[in-house]
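*Asks:* Here the sequence shown is numbered in our numbering, starting from -12 and rising by one per residue.
Cβ coordinates follow ideal geometry from the N, Cα and C atoms, glycine included.
Below: one structure in structure tokens.
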Amino acid sequence: MNQFTQQDTTITFSQIGDSALTDTNISAQTLKENNHLTDESAPSDSLFSSFQTISFEDISQPSIFTSHYLEVKDQQSFERNFFSHDWITIHLLICLSLFAWVQIYYIKRLKQIVKAFTGVRYLNQLSRDGNIFKERIAIPLLIIYLVSFSLLIYLFFTFILESTYQNLYGLKLFSGIMFFILLAWFIKNLVLNFVGNVFKNYLIVTDYILTNFVFNMITGLVLLPFIIVSVYMPSQEMIYTGAILWVLVFIYRLIRELITGLSYTKFSLFYRILYLCTFEIIPLLVLTKLVMNYLT
């Protein structure tokens, strides 16, 4: 009984194996007929079936994207000059911070300076209330003026004239302009004090220096918004507007200084005009001439 059972089992597995091999042969024959799906180069091994590898036809075509037909004539390499203007942002943030500090702690004194810009009477009141040069408000206002006026000249050179001086550009050019303005202002006040001591005109020299200081501080505050717009919304019109405002303030200052000198009877009109020409008009004309000679 056990023998017949084992024989039937053997026959059954044999039949199943024959059936599986038959199906395998049929599948292999079917794949072999499809020449594009069968790789006949595969080795005939009992562990490697021939229908396990599939070959693919090359259907690639030439690309429709071709190179341009412009021929390179000059292959010389040039250095790319990239100038960062982050330093302008830093200077403007410093100016805005100083202006906010002045408005918070010295708003009353700031209003007196603004009024002194409009009339001689307020200038005398500003002088009576204390020495503005020794007060803390003078330092931030001086910094704002130096940065604003220097940036105006820098933008005029770079965006309008598109010129540099002896490979000076960016922060180096700006620093050179600021140093020149500060040096000219220092030399001018030094000469004025020397002339006042020589000719015994202390009062008029003091009023003259105070008038220059007030006008410079107001000029810096007025130019600041125009500088910000000119930097972040590049516009030559804004730079021209700032330059025109500076010229108008300069002319107004000359008129104010001339009118202020009329109240001093010991200081004749001839000396007043000579005074203004020597310290205001002639230096500006010489500087303008030097710039024009450099550009031409």
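Does the Cβ of A127 have 16 or more other Cβ atoms within 10 Å, making it buried, or fewer, making it exposed?
*Replies:* For clarity, residue 127 is Pro in the given sequence; the question names Ala instead. So P127 ends up on the buried side.
*Asks:* Does the pairing of the segment 167 to 182 with the segment 91 to 103 give three or more beta-carbon distances under 8 Å?
*Replies:* Output reads no: the segment 91 to 103 does not touch the segment 167 to 182.
*Asks:* What three-state label does DSSP hand N118 in the structure shown?
*Replies:* Coil, per DSSP.
*Asks:* Could you check whether L139 and I214 sit closer than 8 Å to each other, using their CB atoms as the reference points?
*Replies:* A contact, by the Cβ cut-off of 8 Å.
*Asks:* Determine the direct distance from the alpha carbon of N184 to that of T76, and round the result to whole angstroms.
*Replies:* Near 43 Å, if we compare the C-alpha coordinates of N184 and T76.
*Asks:* Using C-beta distances below 6 Å, list every residue in its chain close to L142, excluding the 5 sequence neighbours before and after it, in chain order.
*Replies:* Cβ neighbours of L142 beyond the five flanking positions: S217 and I226.
*Asks:* In the structure shown, what three-state DSSP assignment does K95 receive?
*Replies:* Three-state result, K95: helix.
*Asks:* Between the Cα of I130 and the Cα atoms of T198, K98 and L210, which residue gives the shortest distance?
*Replies:* Comparing Cα positions, the closest option is L210.
*Asks:* Within 10 angstroms of the Cβ of I205, are there 16 or more other Cβ atoms? Answer buried if so, exposed if not.
*Replies:* Counting Cβ neighbours within 10 Å, I205 comes out buried, since at least 16 surround it.
*Asks:* Considering only their Cβ atoms, is the gap separating S135 from G207 smaller than 8 Å?
*Replies:* Yes, they are a contact pair.
*Asks:* Helix, strand or coil for Q207? Go by DSSP, reduced to three states.
*Replies:* The residue you asked about is not Gln; residue 207 is Gly in the sequence shown. Note: G207 maps to helix in three-state DSSP.
*Asks:* Hey, out of C82, I196 and K121, whose CA is closest to N176's CA?
*Replies:* Nearest of C82, I196 and K121 to N176, Cα basis: I196.
*Asks:* Shortest alpha-carbon distance to V236 belongs to which of Q223, S222 and V201?
*Replies:* Closest by alpha carbon: V201.
*Asks:* Give the secondary structure of K187 by DSSP, where H, G and I count as helix, E and B as strand, and everything else as coil.
*Replies:* Three-state DSSP puts K187 in coil, outside helix and strand.
*Asks:* Could you check what DSSP says for M220 in three-state terms: helix, strand or coil?
*Replies:* In the structure shown, M220 sits in coil (DSSP, three-state: anything other than H, G, I, E or B).
*Asks:* Return the CA-CA distance between D194 and L245, expressed in angstroms with no decimal places.
*Replies:* Taking the straight line joining both Cα atoms gives about 12 Å.
*Asks:* Just tell me which of G229, T105, L113 and D116 has its CA closest to the CA of Y239.
*Replies:* For Y239, the nearest C-alpha among the options comes from T105.
*Asks:* Please classify I246: does DSSP put it in a helix, a strand, or coil?
*Replies:* Helix at I246.
*Asks:* Excluding five sequence neighbours on each side, which residues of the same chain lie with their C-beta closer than 7 Å to the C-beta of T228?
*Replies:* Taken in chain order, the residues that qualify are F213.
*Asks:* Assign I124 to one of three DSSP states: helix, strand, or coil.
*Replies:* If DSSP states are grouped into helix, strand and coil, I124 belongs with coil.
*Asks:* Mapping DSSP to helix, strand and coil, what is H340?
*Replies:* With the chain covering only -12 through 283, there is no way to say anything about residue 340.
*Asks:* Is the beta carbon of V89 closer than 8 Å to that of T247?
*Replies:* Contact: no.
*Asks:* With a 10 Å radius around its C-beta and 16 neighbouring C-beta atoms as the bar for buried, classify M279 as buried or exposed.
*Replies:* Exposed, by the Cβ-count rule.
*Asks:* Going by other Cβ atoms of all chains shown within 10 Å of its Cβ, with 16 needed for buried, is Q99 buried or exposed?
*Replies:* By the neighbour-count rule (16 or more Cβ atoms within 10 Å), Q99 is buried.
*Asks:* With a CB to CB cut of under 7 Å and the five nearest residues on each side skipped, what residues in its chain are close to A125?
*Replies:* Excluding residues within five positions, the ones whose Cβ falls inside 7 Å are I119.
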